[in-house]
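Student: Going by the numbering used here, the first residue of the sequence shown is number 581, and it counts up by one from there.
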Amino acid sequence: MDKDIREYLERKCLGETKVRAVIDLQFRFDLNKSDAEKIYNFWRRHWCDITKEGELE
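Written as structure tokens, this is what we have:
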């Protein structure tokens, strides 16, 4: 995943709903809805995995 997109998601979309985050991604990075949803879903799964690892320590 592009570093700029990941940083944007972590900074701006962490507390947002999926719908709002996807719309933000579409406009910020000039993506179509399908691509924005794929990026968001990938990021969210990855972020949740990292969060769970931190809870186990």
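Glycine residues also receive a C-beta, built at the ideal position from the N, C-alpha and C atoms. Since we're looking at a predicted model, the values are computed, not measured.
1. Compare the beta carbon distance of I585 and F607 with 8 Å and say whether it is the shorter of the two.
2. Rounded to the nearest angstrom, what separates R624 and D582 at their Cα positions?
3. At which residue ranges does the region 583-624 contain complete alpha helix (DSSP H) runs of 4 or more residues, listed in the order of the chain?
Tutor: Looking at the atomic coordinates:
1. no
2. 14 Å
3. 583-588 and 598-609
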